[in-house]
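Shown next, in structure tokens, is the structure this report addresses.
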Amino acid sequence: MAEATFRIWRTEPGGEGGFQEYRTAVSDGMVVLDAVHRIQAEQAPDLAVRWNCKAGKCGSCSAEINGRPRLMCMTRLNQVNLNEPVTVEPMRTFPSIKDLVTDVSWNFRVKKGITKIKPRKPDFADGTFRMAQRDVDRVQEFRKCIECFLCQDVCHVLRDHNKHEEFIGPRFLVYAAQLEMNPIDTADRIPELKADKGIGYCNITKCCTKVCPEHIHITDNAIIPLKERVVSRYYDPVTRLLRLFK
Amino acid sequence: MQVIPVRVEPRGFGQTSRRDAWWAVPLGVFLGLSAFIVYATWAAFQGEHYTYGPYLSPFYAPELFGDSPHAWFGPKPAWWPALAPFSPALLILPFPGLFRFTCYYYRGAYYKAFWADPPSCAVGEPRKGYWGENSFPLILQNVHRYFMWIAVLFLLLLAYDAWKAMWFADPVTGAETFGIGVGTIVLVVNVVLLGSYTLGCHVMRHVVGGTFDEVSKHPVCERAYACSTALNYKHQAFAWASLFSVAFSDIYVRLCSMGIWTDLRIL
Ligand code: SF4
Ligand code: SF4
Ligand code: FES
Ligand code: FES
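Chains as they are written, first to last, in the working numbering: chain A, 2 to 247; chain B, 1462 to 1728.
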């Protein structure tokens, strides 16, 4: 059986960390998560790794493989060069609790801060609504999100500039778009998106879109349309004037 | 047991664990845009060889003032300061230029390629401070919608120029007859590519239907939204294709006018 070297990030209990190399047997069809599990089983029983479904649907196994934010369970070994050591690191935007496991609780707090859905009056007496499928499709794309937070990890506003207090990140701009563009929603999130959610920090460099395992068009379908709504509300004198007369 | 989470600090400028050629795309964007800017500036200052027969270079269209028969209001105006360089292109080129400068696609591309913010995805940045488009100066990028309307106007004018590029004057009688030359095709393709770029603009997509959460209730908007969305998915490709075609149209007219290339008549 062929062997490959993995350089895996280990967080020491004191708060420091560093890479450690492991050589392990690899075979056809294996994914990076399999290799990490084998290393855990045979060489490093204290190696911490979070996972759940092994099918790219739970969003638990996010990491950086050879520097690229990816799901470990969806990265097959034939997609990486095994002739040199494969680096596996935790997501850098979030603090590492131990080894590959990061503390992503900031995301859950951010989510709570976004205005909830406020449905209009039901269309019928039995409390139901009628919506056109094509209108629903638009927000359905955003509902594919598995909350892997890979987009949050790669976004340079969070990753390099630490704007966690001022910017909610691509995942929650997708979430805000999902609520804001919902056909039956009546709440207004444009003021908060401009203010404390910090949509203006996004400079549309599309790194989030590139890493999304669900292939959500984060920048084109969620962020830019929301930015345009913010522009219409706050920066465009003509639309502001028109609203005055309405 | 208390756990102390550690933040694996982002690294310095250009540092990354990425093994692929992460610099290749930003470098390509840098070279491509730089080449265009250098050529467009040079061509705009020439002030000659921008027409050939019925063809007018898109860098010079519309020609408001100038010496060619395409000029709307006659030759260079008397009020133009004597010391300032004059060329019909200088009067109009800033508008399509700023349209592209404020385009969402180009913004994202040149923030990376020219400003390293970030140099590439998951690659360390040179600067600590960051305002993004949240405050001055980049908040001004939000004027993009106004430049889009100007670009739509230019598109109509260029379409008219492409139509005029189908009417060739007889050298003896001066009578105009319908015809198609290679230059006609170059100019028509240019208009089609520019149209695909402009109509797929994110602002267009927003204006024609994106503002509605139930666009299906507005049938005309719904169709327009679907068309704009389809073009929008290829916005990056059309951005480059139309940039290339504009420059090539100018080169084509210029070289024909200089006698270096011969314009073949097909019809
Ligand atoms: S497009 Fe915006 S949200 Fe996405 S990674 Fe870039 S800056 Fe972050
Ligand atoms: S938007 Fe995509 S990358 Fe971001 S959390 Fe959701 S699934 Fe993951
Ligand atoms: S283990 Fe569920 S997404 Fe990888
Ligand atoms: S977004 Fe590219 S032209 Fe408007």
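Quick reminder that beta carbons are idealized off the backbone N, C-alpha and C, glycines included.
Check	Outcome
Which of helix, strand or coil does DSSP assign to residue 9 of chain A?	strand
If residue 152 of chain A and residue 172 of chain A are in contact, beta carbons under 8 Å, what's the gap, nearest whole angstrom?	5 Å
Whose C-alpha, out of B/1537, B/1509, B/1559, B/1648, is nearest the C-alpha of residue 1724 of chain B?	B/1648
At which residue ranges does the segment 1677-1715 of chain B contain complete beta strand (DSSP E) runs of 3 or more residues, listed in the order of the chain?	none
Is the distance from the Cβ of residue 1670 of chain B to the Cβ of residue 1686 of chain B below 9 Å?	yes
Assuming residue 99 of chain A is part of the beta strand (DSSP E), what are its boundary residues?	97-99
Is residue 49 of chain A near residue 98 of chain A, with beta carbons less than 9 Å apart?	yes
Indicate whether at least one CB of chain A lies closer than 9 Å to the CB of residue 1592 of chain B.	yes
Go to residue 168 of chain A, then tell me how far its alpha helix (DSSP H) extends in each direction, as first and last residue.	Unbroken run through residue 168 of chain A: none, as it is neither H nor E.
Between the C-alpha atoms of residue 157 of chain A and residue 1595 of chain B, what's the straight-line distance to the nearest angstrom?	15 Å
Using a C-beta to C-beta distance shorter than 8 Å, which residues of chain A count as neighbours of residue 1693 of chain B?	221
Verify the contact flag: residue 1511 of chain B, CB atom, against every heavy atom of ligand 4, threshold strictly below 8 Å.	no
Please list, following the chain, all residues that have a C-beta closer than 5 Å to any non-hydrogen atom of ligand 4.	B/1564, B/1565, B/1566, B/1662, B/1663
Let me check understanding here. Comparing Cα to Cα, which of A/86, A/35, A/17 lies closest to residue 1480 of chain B?	A/86
So residue 64 of chain A and residue 31 of chain A are in contact, right, with Cβ under 8 Å, and what is the actual spacing, rounded?	With a Cβ gap of about 16 Å, residue 64 of chain A and residue 31 of chain A do not count as contacting.
To test your reading of the DSSP string, which unbroken beta strand (DSSP E) runs of 3 or more residues are found completely within the segment 67-124 of chain A?	69-72, 87-90, 97-99
Do residue 147 of chain A and residue 88 of chain A have their CB atoms nearer than 9 Å?	no
Taking a cut of 7 Å between CB atoms, which residues from the segment 189-211 of chain A lie near chain B?	199, 201, 202, 203, 204, 205, 206, 207, 208, 211
Looking at residue 225 of chain A: is its Cβ nearer than 9 Å to the Cβ of residue 1591 of chain B?	no
What residues in its chain sit with their C-beta under 7 Å from that of residue 1567 of chain B, if we drop five residues either side in the sequence?	1561, 1700
Considering only C-alpha positions, which residue in the set A/59, A/193, A/234, A/230 is nearest to residue 168 of chain A?	A/193
Is the closest heavy atom of ligand 3 to the C-beta of residue 58 of chain A under 8 Å?	yes
Check whether the segment 1674-1689 of chain B and the segment 1628-1636 of chain B touch, using three or more Cβ-Cβ pairs below 8 Å as the test.	no
Going by C-alpha distance, which of A/222, A/228, A/184, A/123 is nearest residue 132 of chain A?	A/184
For residue 1583 of chain B, would you say it is in contact with chain A, using Cβ-to-Cβ distances shorter than 9 Å as the test?	yes
So, using beta-carbon positions, are residue 1581 of chain B and residue 1710 of chain B closer together than 9 Å?	no
Please report the Cβ distance between residue 57 of chain A and residue 75 of chain A, rounded to the nearest whole angstrom; I am assuming they are in contact, meaning their Cβ atoms lie under 8 Å.	4 Å
Taking a cut of 8 Å between CB atoms, which residues from the segment 56-69 of chain A lie near chain B?	65, 67, 68, 69
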